[in-house]
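K.L.:
To start, I am sharing the structure in question, which I have written as structure tokens.
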Amino acid sequence: MTDPTISVVIPVYNGEAYLAKAIDSVLQQTYTDYELVIVDDGSTDTTHKIIQHYTETHPDVVRAIHQPNGGTASALNTGVRAARGHYIAWLSHDDRFLPTKLEQQMATIAANPQINGVYTDYSLINSNGRETGRVYAPWYPPEKMLRHFLQNVFINGSTLLIERRCLEDVGLFDESVRYAHDALMWVHVLKHCQLAHIAQPLTQYRVHSAQGTQKSSLIRRDNRLWLAKALKACSILDIFPELSHNSHSQPQNFAAAHLYLGDICALRYRQPGLAFRQYGAAVRVWPHWHNPAPGRMAMSMARMLLSKIKEMFKTFWTSNRQSTTEDSYADVYLHTWTESISESAVTKDYG
Numbered sequence: 003m004t005d006p007t008i009s010v011v012i013p014v015y016n017g018e019a020y021l022a023k024a025i026d027s028v029l030q031q032t033y034t035d036y037e038l039v040i041v042d043d044g045s046t047d048t049t050h051k052i053i054q055h056y057t058e059t060h061p062d063v064v065r066a067i068h069q070p071n072g073g074t075a076s077a078l079n080t081g082v083r084a085a086r087g088h089y090i091a092w093l094s095h096d097d098r099f100l101p102t103k104l105e106q107q108m109a110t111i112a113a114n115p116q117i118n119g120v121y122t123d124y125s126l127i128n129s130n131g132r133e134t135g136r137v138y139a140p141w142y143p144p145e146k147m148l149r150h151f152l153q154n155v156f157i158n159g160s161t162l163l164i165e166r167r168c169l170e171d172v173g174l175f176d177e178s179v180r181y182a183h184d185a186l187m188w189v190h191v192l193k194h195c196q197l198a199h200i201a202q203p204l205t206q207y208r209v210h211s212a213q214g215t216q217k218s219s220l221i222r223r224d225n226r227l228w229l230a231k232a233l234k235a236c237s238i239l240d241i242f243p244e245l246s247h248n249s250h251s252q253p254q255n256f257a258a259a260h261l262y263l264g265d266i267c268a269l270r271y272r273q274p275g276l277a278f279r280q281y282g283a284a285v286r287v288w289p290h291w292h293n294p295a296p297g298r299m300a301m302s303m304a305r306m307l308l309s310k311i312k313e314m315f316k317t318f319w320t321s322n323r324q325s326t327t328e329d330s331y332a333d334v335y336l337h338t339w340t341e342s343i344s345e346s347a348v349t350k351d352y353g
């Protein structure tokens, strides 16, 4: 039997509420040279019955794999290893593809043979499937893609169609990063592969109370973990390749690159330890009194400290049941103070 061009992988854990809608959206694709691999990650609800229905009614298209619960990254890796297609499309069990998604992505690849994958914009839907908004993902030239992605994770995994080898060559998804494994994967991919973008919402991303991405405390932990791993995996020349193209690059240009990364760590992700490393690197590569790194470090740390104080004040006023007026005053005062520091600390975009 000829291998399909695309393997769609759906990892699922206790997905009885939305799984059938996700599967139907794949089966309704106008592009038909695909297989659907569903990985049941140890579900305890009726997910297995839903999967069984589709393997029985669509045996030539749908394959099922059942495994003990290991998390989304583990389930994705299982699906990719089992995939027979040249390309991989990941669909979360609570999201949906629009009917022409795969067809439009394959057409984009056919028209641009140098690219390895395509991501798209996406719509937001609620638990009832009603559209509540749209997210327009940016695109940048390959040499600038990685630095902008570190600043703003703009690739939604369910929108991406990518060559399977791009995932295999970097060792698949990091299973130690529970919620941000996709962001870390796209960093590795962007180092070696070129992606195109379709400026249309071809995936529907469901926002609902039960989804894992709303576990904020674990996400904060993962932000630190994936960002640390990403910065360790990337050299400054991976992120700013133009520095290697210019044999006359001055030390201050390398310092500016580290400052850019330090500001991302401090102001975007509030990770002081990672920020200190980048600011320190800026000083090491350009130990000059004109280097703004020490001042930038102080301003960024002040902003994070003031944000923390703001949170503490709000908690204090709430716990002591102060009046609404007092609460508002503390909130507005500290917000103004914090933002005044923030505005003076933000780095101009490196480009």
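According to our numbering, the sequence shown is numbered sequentially starting from 3.
Backbone N, C-alpha and C define an ideal beta-carbon position, used for all residues, glycine too.
On a CA-only basis, which of 283, 192, 268, 128 is nearest residue 150? Give me that one, please.
P.N.:
Here residue 150 refers to the residue found at position 148 when the sequence shown is read from its first residue. Comparing Cα-Cα distances from residue 150 to each of 283, 192, 268, 128, the minimum goes to 192.
K.L.:
Taking the straight line between their C-alpha atoms, what separation do you get for residue 324 and residue 311?
P.N.:
Counting from 1 along the sequence shown, the entry for residue 324 is found at position 322. Counting from 1 along the sequence shown, the entry for residue 311 is found at position 309. Residue placement at residue 324 is poorly supported in this model, since its pLDDT is 47, which falls under 50; the coordinates still yield a value, given next. If I take the Cα positions, the gap works out to 17 Å.
K.L.:
Exposed or buried, what is residue 4 when buried is set at 16 or more other beta-carbons lying within 10 Å of its beta-carbon?
P.N.:
As a first step, residue 4 is located in the sequence shown; it is residue number 2 there, counting from the start. The residue is exposed, with fewer than 16 neighbouring Cβ atoms inside 10 Å.
K.L.:
Let's test the definition: count the other Cβ atoms within 10 Å of the Cβ of residue 70 and tell me whether it reaches 16, buried, or not, exposed.
P.N.:
In the sequence shown, counting from the first residue as 1, residue 70 sits at position 68. Counting Cβ neighbours within 10 Å, residue 70 comes out exposed, since fewer than 16 surround it.
K.L.:
How is residue 273 classed by DSSP in three states: helix, strand or coil?
P.N.:
Walking along the sequence shown from the start, residue 273 turns up at place 271. Three-state DSSP puts residue 273 in coil, outside helix and strand.
K.L.:
Identify whether residue 19 lies in helix, strand or coil by the three-state DSSP scheme.
P.N.:
By 1-based counting over the sequence shown, the position of residue 19 is 17. Correct three-state label for residue 19: coil.
K.L.:
Along the chain, which unbroken stretches of the alpha helix (DSSP H) at least 4 residues long are found entirely within the stretch 156 to 187?
P.N.:
List check, alpha helix (DSSP H) in window: 166 to 170.
K.L.:
Cβ of residue 12 within 9 Å of Cβ of residue 29?
P.N.:
For the purposes of this step, residue 12 is taken as residue 10 along the sequence shown, with counting starting at 1. For the purposes of this step, residue 29 is taken as residue 27 along the sequence shown, with counting starting at 1. Against a cut-off of 9 Å, the Cβ pair of residue 29 and residue 12 comes out as no contact.
K.L.:
Assuming residue 32 contacts residue 102 under a Cβ cut-off of 8 Å, what Cβ separation, rounded to an integer in Å, is found between them?
P.N.:
Position 30 of the sequence shown, counted from the first residue, corresponds to residue 32. Position 100 of the sequence shown, counted from the first residue, corresponds to residue 102. Yes, residue 32 and residue 102 are in contact; Cβ-Cβ is about 5 Å, under 8 Å.
K.L.:
Give every residue of the same chain whose Cβ lies closer than 6 Å to the Cβ of residue 107, excluding the five residues on either side of it in the sequence, and list them in chain order.
P.N.:
As a first step, residue 107 must be located in the sequence shown, where it is residue number 105. Hits under 6 Å: 120, 163.
K.L.:
Specify the secondary structure class of residue 327 as computed by DSSP and reduced to three states.
P.N.:
For the purposes of this step, residue 327 is taken as the residue at position 325 of the sequence shown. For residue 327, the predicted model reports a pLDDT of 43, less than 50, meaning its position is unreliable and no value from the coordinates is stated.
K.L.:
Straight-line CA distance for residue 127 to residue 95?
P.N.:
As a first step, residue 127 must be located in the sequence shown, where it is residue number 125. As a first step, residue 95 must be located in the sequence shown, where it is residue number 93. Cα to Cα, the separation comes out at about 14 Å.
K.L.:
Bridge partners of residue 199, per DSSP?
P.N.:
Residue mapping note: residue 199 aligns to position 197 of the sequence shown, counting from 1. Answer is 121, bridged to residue 199.
K.L.:
Determine, using beta carbons only, whether residue 36 and residue 61 come nearer to each other than 9 Å.
P.N.:
As a first step, residue 36 is located in the sequence shown; it is residue number 34 there, counting from the start. As a first step, residue 61 is located in the sequence shown; it is residue number 59 there, counting from the start. Contact: no.
K.L.:
Kindly identify the DSSP beta-bridge partner or partners of residue 133.
P.N.:
Residue numbering aside, residue 133 sits at position 131 when the sequence shown is read from its first letter. Partner(s): 127.
K.L.:
CB residue 259 to CB residue 238, shorter than 9 Å?
P.N.:
For the purposes of this step, residue 259 is taken as the residue at position 257 of the sequence shown. For the purposes of this step, residue 238 is taken as the residue at position 236 of the sequence shown. Yes, they are a contact pair.
K.L.:
For residue 36, report the span of its beta strand (DSSP E) as first-last.
P.N.:
Residue mapping note: residue 36 aligns to position 34 of the sequence shown, counting from 1. Here the beta strand (DSSP E) through residue 36 covers 36 to 43.
K.L.:
Under a three-way DSSP split, which group does residue 149 fall into?
P.N.:
Translated into positions along the sequence shown, residue 149 becomes position 147. Looking at residue 149 - three-state DSSP - the assignment turns out to be helix.
K.L.:
Residue 106 by DSSP, collapsed to three states: which one?
P.N.:
Translated into positions along the sequence shown, residue 106 becomes position 104. Residue 106: helix per DSSP, three-state reduction.
K.L.:
Only counting the same chain, and skipping five residues up and downstream in sequence, which positions put a Cβ closer than 7 Å to that of residue 270?
P.N.:
Sequence index remark: in the sequence shown, residue 270 carries index 268 (1-based). Taken in chain order, the residues that qualify are 153.
K.L.:
Could you compute how far the alpha carbon of residue 254 sits from the alpha carbon of residue 246?
P.N.:
Taking the sequence shown and counting its residues from 1, one reaches residue 254 at position 252. Taking the sequence shown and counting its residues from 1, one reaches residue 246 at position 244. Looking at the two C-alpha atoms, the distance is approximately 14 Å.
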